[in-house]
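I have placed the structure first, in the form of structure tokens, so that the comments after it can refer back to it.
Numbering (full-length UniProt numbering), first residue to last: 1 to 211.
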């Protein structure tokens, strides 16, 4: 956490000149340093496959296909979803950059990104939930260095990052959500909750408690 957040409660932070490293359950207000609301943000998600066995002396990563999805909610009712088979939301406010079938180097880079134009999100949409699921059915014990990060697309500046620590036998992860703050702006909350399922549809019951 950057210094300007010292003394602030553990569940809320503010975007400053330095990216905020979020803890599980923590939120950050999506405001520019001038106090203006951000317009276009990008949720980047990245991961690295865990090493697999290769002979006696070397190990190579297994290929794993994680899919990022953005679920748009009107209250607690899902109204739209953006994923590898539906790359742009019906209203055009949310756009997926396409499916990465194997993941990347896991060195902090994004493997899949989802762009959100906050100015175009319909008023009925109150929150957007971001998930990652293993389409190949491999679990998160086989994934390393998973993260999600929010970037101001206008300036390219990283605003907030959530690093997923530890794996598990689950095949899905609810990473974060962006929601209206009730004052005309938006905030991001790190969720980091495990879920079961290979697609966003399988994960819907696990998402419900976080709405």
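Here a beta-carbon is modelled for each residue, glycine too, at the ideal position from N, C-alpha and C.
Worksheet entry | Helix, strand or coil at residue 207 [DSSP, three-state] | Along the chain shown, one-based indexing puts residue 207 at 207. Here residue 207 sits in helix by DSSP.
Worksheet item: When the distance is taken between beta carbons, is residue 113 closer than 7 Å to residue 199?
Response: Translated into positions along the chain shown, residue 199 becomes position 199. Translated into positions along the chain shown, residue 113 becomes position 113. Contact: no.
Worksheet item: On the three-state DSSP scale, how would you describe residue 142?
Response: Taking the chain shown and counting its residues from 1, one reaches residue 142 at position 142. Look at residue 142 here: in three-state DSSP terms it is helix.
Discussion item. Looking at the secondary structure, which residues open and close the beta strand (DSSP E) in which residue 163 lies?
Written reply: Here residue 163 is taken as the residue at index 163 of the chain shown, counted from 1. 157 to 163 is the extent of the beta strand (DSSP E) around residue 163.
Worksheet item: By how many angstroms is the C-alpha of residue 207 removed from the C-alpha of residue 282?
Response: No answer is possible for residue 282: the residues shown for the chain start at 1 and end at 211.
Worksheet item: Who are residue 117's beta bridge partners in DSSP?
Response: As a first step, residue 117 is located in the chain shown; it is residue number 117 there, counting from the start. DSSP lists 40 as the bridge partner or partners of residue 117.
Worksheet item: What's the gap between the Cα of residue 185 and the Cα of residue 29?
Response: Locating residue 185 in the chain shown gives position 185, where the first residue counts as 1. Locating residue 29 in the chain shown gives position 29, where the first residue counts as 1. Rounded to the nearest angstrom, the two C-alpha atoms are 8 Å apart.
Worksheet item: Of the residues 95, 74 and 51, which one's Cα is nearest the Cα of residue 140?
Response: The residue given as residue 140 occupies position 140 in the chain shown. Nearest option by C-alpha distance: 51.
Worksheet item: For the ligand ATP, any of its heavy atoms closer than 6 Å to the Cβ of residue 180?
Response: Annotation note on the ligand ATP: not contained in the displayed structure, which lists no ligands.
Worksheet entry | Rounded distance between the beta-carbons of residue 151 and residue 73, thought under 8 Å | Position 73 of the chain shown, counting from 1, holds the residue named residue 73. Position 151 of the chain shown, counting from 1, holds the residue named residue 151. In fact, because the Cβ distance is near 22 Å, the residues do not count as touching under 8 Å.
Discussion item. If you measure between the beta carbons of residue 159 and residue 192, is that distance less than 7 Å?
Written reply: Translated into the one-based positions of the chain shown, residue 159 becomes position 159. Translated into the one-based positions of the chain shown, residue 192 becomes position 192. Judged by their CB atoms, residue 159 and residue 192 are not nearer to each other than the 7 Å cut-off.
Discussion item. Suppose the cutoff is 6 Å on Cβ atoms and the five residues either side in sequence are ignored; what does the same chain contact list for residue 95 look like?
Written reply: Taking the first residue of the chain shown as 1, we reach residue 95 at position 95. For residue 95, where only same-chain residues beyond five positions count, the Cβ hits under 6 Å are 88 and 115.
Worksheet item: Of all the options 149, 118, 35 and 194, which has the alpha carbon lying nearest to the alpha carbon of residue 19?
Response: In the chain shown, counting from the first residue as 1, residue 19 sits at position 19. The residue with the shortest Cα to Cα distance from residue 19 is 149.
Worksheet item: What first and last residue would you give for the beta strand (DSSP E) that runs through residue 194?
Response: Reading the chain shown from its first residue, position 194 is the one you call residue 194. Note, residue 194: beta strand (DSSP E), 186 to 195.
Worksheet item: Which of helix, strand or coil does DSSP assign to residue 83?
Response: Counting from 1 along the chain shown, the entry for residue 83 is found at position 83. It is a strand residue.
Item to complete: Let me know if residue 181 comes out buried or exposed under the rule of 16 or more other beta-carbons within 10 Å of its beta-carbon.
Response: Along the chain shown, read from residue 1 onward, the residue named residue 181 stands at position 181. With fewer than 16 other Cβ atoms inside 10 Å of its own Cβ, residue 181 counts as exposed.
Item to complete: Check each candidate in 195, 64, 79 and 85 and name the one with the smallest Cα separation from residue 142.
Response: The residue you call residue 142 lines up with position 142 of the chain shown. Of the residues 195, 64, 79 and 85, the one whose Cα lies closest to the Cα of residue 142 is 64.
Discussion item. Checking 7 Å against the spacing of the C-beta atoms, do residue 161 and residue 21 come in under that value?
Written reply: For the purposes of this step, residue 161 is taken as residue 161 along the chain shown, with counting starting at 1. For the purposes of this step, residue 21 is taken as residue 21 along the chain shown, with counting starting at 1. Between residue 161 and residue 21, the C-beta gap is smaller than 7 Å, which places the two residues in contact.
Item to complete: Within the same chain, show all residues whose beta-carbon is closer than 8 Å to that of residue 210, passing over the 5 residues directly before and after it, in chain order.
Response: Taking the chain shown and counting its residues from 1, one reaches residue 210 at position 210. Around residue 210, the same chain offers 129, 174, 177, 191 and 193 as residues with beta carbons nearer than 8 Å, after the five sequence neighbours per side are excluded.
Item to complete: Please look up how many angstroms separate the CB atoms of residue 120 and residue 92, rounded, as I've assumed it's under 8 Å.
Response: To locate residue 120, count along the chain shown from 1; it is residue 120. To locate residue 92, count along the chain shown from 1; it is residue 92. About 6 Å separates the beta carbon of residue 120 from that of residue 92, a gap short enough to meet the 8 Å contact definition.
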